[in-house]
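According to numbering that gives the first Met the number 0, the sequence shown is numbered sequentially starting from 0.
Read through the structure below, which is laid out as structure tokens, and then see the notes.
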Amino acid sequence: MGNESMIKSAVCDYILEHVNIESLDYDDDIFEEGLVNSLFAIELMVFLEKTFSIKITMEDLDMEHFKSINSIYDFVNKKANLL
Numbered sequence: 000m001g002n003e004s005m006i007k008s009a010v011c012d013y014i015l016e017h018v019n020i021e022s023l024d025y026d027d028d029i030f031e032e033g034l035v036n037s038l039f040a041i042e043l044m045v046f047l048e049k050t051f052s053i054k055i056t057m058e059d060l061d062m063e064h065f066k067s068i069n070s071i072y073d074f075v076n077k078k079a080n081l082l
């Protein structure tokens, strides 16, 4: 499994474990679908920091970074490559 697939799969699995749905497409907007509230958004960011050894700063708090699995992957990949 490639790095991209591994990251997307881990994020998808985490979200599915914490919300009441059976499947999620990588382009689904998790905010628009009502899957994420503010508390879960914080939990998701903590998961991303711990799992992928990245630091999410105040400047990173843009919903566009976290709206879908694909956008989360792009964000994590960018942050990991900056370290």
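A virtual CB, placed ideally from N, CA and C, is assigned to each residue, including glycine.
Since the structure is predicted, the reported quantities are computational estimates derived from the model, not experimental observations.
Quiz item: Does the count of Cβ pairs from the stretch 33 to 42 and the stretch 71 to 80 closer than 8 angstroms reach three?
Solution: No, the stretch 33 to 42 is not in contact with the stretch 71 to 80.
Practice problem: Keeping to the same chain, check which residues put their C-beta closer than 8 angstroms to that of residue 26; ignore five residues upstream and five downstream. | Solution: Here residue 26 refers to the residue found at position 27 when the sequence shown is read from its first residue. So the qualifying residues of the chain are 67, 68 and 69.
Quiz item: If you check the beta carbons only, do residue 29 and residue 44 fall under 8 angstroms apart?
Solution: Here residue 29 is taken as the residue at index 30 of the sequence shown, counted from 1. Here residue 44 is taken as the residue at index 45 of the sequence shown, counted from 1. Residue 44 is positioned such that its CB atom lies no closer than 8 angstroms to that of residue 29.
Quiz item: Which class does residue 0 belong to by DSSP, given the choice of helix, strand or coil?
Solution: Residue 0 sits at position 1 when you count from the first residue of the sequence shown. At residue 0 the pLDDT is 46, less than 50, meaning the model places this residue with poor confidence and gives no usable figure here.
Quiz prompt | Simplified DSSP state of residue 32, which is helix, strand or coil | solution = Against the sequence shown, residue 32 aligns to sequence position 33. Here residue 32 sits in coil by DSSP.
Quiz item: Taking buried to mean at least 16 other C-beta atoms within 10 Å of its own C-beta, is residue 88 buried or exposed?
Solution: An answer regarding residue 88 cannot be provided, because it is not within the stretch 0 to 82 covered by the chain.
Quiz prompt | Burial state of residue 88 (16 or more Cβ within 10 Å) | solution = Summary: the structure shown does not reach residue 88, with the chain confined to residues 0 through 82, and so no result is reported for it.
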